[in-house]
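Number 136 in UniProt numbering belongs to position 136 of the sequence shown; there are no gaps in the numbering.
Here's the structure we're looking at; comments come further down.
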Amino acid sequence: MSLDTVSTSDVGNEKSDSSATMGILSGIPSSSLRERNFLVGNVTTSNSKISDDLDNCFPERKVQIFVGTWNMQRCEVPLSIDDFLLPRAERFVRDVYVIGVQEATTDIKGWEIKLQETLGPNHVLIHSMSHGVLHMAIFIRRDLIWFCTDFQEDKITTRLISQVKTKGAIAISFQLFGTRFLFISSHFHSGETKVRERIEDYYKIMGQLHFLSKNSNSTTYQKCDKDFSGFDCVFWFGDLNFRINQPHHFMQQEVEDPSTYNIWEALKCDQLKRNMERGNVFHGFQETEITFLPTYKFTPGSDKYDVSVKLRVPSYTDRILHKPCRSTSITCHHYNSVSSVKHSDHRPVYGLFDVSLKPGRNSAPLGKISFNHEVYMAAAKRRANCVSVVPNSSVCTIL
1 MSLDTVSTSD
11 VGNEKSDSSA
21 TMGILSGIPS
31 SSLRERNFLV
41 GNVTTSNSKI
51 SDDLDNCFPE
61 RKVQIFVGTW
71 NMQRCEVPLS
81 IDDFLLPRAE
91 RFVRDVYVIG
101 VQEATTDIKG
111 WEIKLQETLG
121 PNHVLIHSMS
131 HGVLHMAIFI
141 RRDLIWFCTD
151 FQEDKITTRL
161 ISQVKTKGAI
171 AISFQLFGTR
181 FLFISSHFHS
191 GETKVRERIE
201 DYYKIMGQLH
211 FLSKNSNSTT
221 YQKCDKDFSG
231 FDCVFWFGDL
241 NFRINQPHHF
251 MQQEVEDPST
261 YNIWEALKCD
271 QLKRNMERGN
281 VFHGFQETEI
291 TFLPTYKFTP
301 GSDKYDVSVK
311 LRVPSYTDRI
321 LHKPCRSTSI
331 TCHHYNSVSS
341 VKHSDHRPVY
351 GLFDVSLKPG
361 RNSAPLGKIS
371 FNHEVYMAAA
381 KRRANCVSVV
391 PNSSVCTIL
């Protein structure tokens, strides 16, 4: 073929087409840029592109979420938390990870790095907060950070002396596409007979939670109403400290042999379930069926329940509750404790959820699209050090 039969524009097109298909990253059509339709919070009048973005990321319009809670009893950061964050019951990692801890380790940065190291480079720490010994971290797949709005947070102390921040709650809210999430991690009053105080903790937290008005660009904060009407999906989890109303010797005998332990009989005496059924607390919230042993109180480093002088009754103090709002669907596929993590007198508890998503709205504010780069890089170095001891291994470093 002679040169004069091929235009220079054709040559350019051939080069650009090949460069867009040969790399790992797929090509970005220039036509999509001409349309000026970007993510949630775009400035155009069309919502079709927003729906397309959602369908491209989530064809079934459902996001997979991991919610975990653990009272760490101020223990050191464990060498491995794989069984906690990466349960063998789940083949694939989740899109979003939310981990709340109570009586957190003193090495919070080390804890966040351990979480990042465990989840790997495809997830990033997009937001975290602490309040006294309470801590919450939210990780999300890197390719989803563009679809999040700015994060809002609040914190409440339920102790009479506000300087003692051992009991209370921390809350983080954000929007993914058009679905507004609220995560509340809390630590209620301890003591087997302190049911009334725990219920009061719930109402105090409810009465003091404030978030920016979703329809306002001002700094005006509004209280959460009892129905959480400003949100699509609410998760409330933590060391809620509700106990089993049974004598210690009875429960101790029951849990000695897990093969004969009757969970359903024990849960008939569970303070939380009783009060939820009576409408005294957590209105509209749901909990997936419990199929595991009580998560408190253990002798750290063992599978033995408390045999100290106080003789605390083995109980389900660590719980994860969820509340769907505004026609949002929440499905829990797995709800379990982690018996292999024995560093504390509590066992970690986690839930694997699917939550329906809605397309974004043009009025939604764009997020700042940032994540904790320092934690990300520190975890990457740790993973590289682990891999480097394996012969003939290769490590890809992202700077």
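Every residue, glycine too, gets a C-beta built ideally from N, C-alpha and C.
Only a predicted model underlies this, so the values are computations on that prediction, with no experimental measurement involved.
Under the DSSP assignment, Asp-82 falls in the alpha helix (DSSP H) whose first and last residues are 82 to 85.
Less than 8 Å divides the Cβ of Ile-172 from the Cβ of Met-136.
DSSP, reduced to helix, strand and coil, places Ile-320 within a strand of the structure shown. Secondary structure at Val-93: coil, using DSSP grouped into helix, strand and coil. When secondary structure is reduced to three states using DSSP, Thr-157 falls in the strand class. Counting along the chain, Arg-196 sits inside the alpha helix (DSSP H) bounded by residues 195 to 208.
Per DSSP, Leu-240 is not a residue of any alpha helix (DSSP H), being assigned neither H nor E.
Here Ala-137 carries a strand assignment [DSSP, helix/strand/coil]. Our two residues, Glu-117 and Leu-54, have alpha carbons roughly 28 Å apart in a direct line.
Sequence-distant partners of Gly-110 (beyond 5 residues in either direction) whose C-beta falls short of 7 Å from its own C-beta, in its chain, are Val-77. Exclusion of the five residues before and after Arg-312 leaves Lys-297 and Asp-306 as the residues of its chain whose Cβ lies within less than 6 Å of its Cβ. Contact between the segment 310 to 330 and the segment 126 to 143 is absent, with fewer than three C-beta pairs closer than 8 Å.
Rounded to the nearest whole angstrom, the CA to CA distance from Ile-99 to Met-129 is 11 Å. With fewer than 16 neighbouring CB atoms inside 10 Å of its own CB, Asn-262 falls in the exposed class.
Contact between the segment 248 to 267 and the segment 203 to 211 is absent: fewer than three C-beta pairs spanning the two stretches fall below 8 Å. Counting along the chain, Val-281 sits inside no alpha helix (DSSP H), nor does DSSP assign it H or E at all. A contact between stretches requires three or more CB pairs, one per stretch, nearer than 8 Å, and the segment 369 to 384 fails this requirement with the segment 330 to 349. Here Leu-119 is near Leu-85, since their CB atoms are less than 8 Å apart. Judged by DSSP in its simplified three-state form, Ile-290 adopts coil rather than helix or strand. Looking from the CA of Ser-339, the closest CA among Phe-177, Leu-209 and Thr-299 belongs to Thr-299.
Counting only residues of its own chain and dropping the five nearest sequence neighbours on each side, Phe-228 has a CB closer than 6 Å to the CB of Val-234 and Cys-325.
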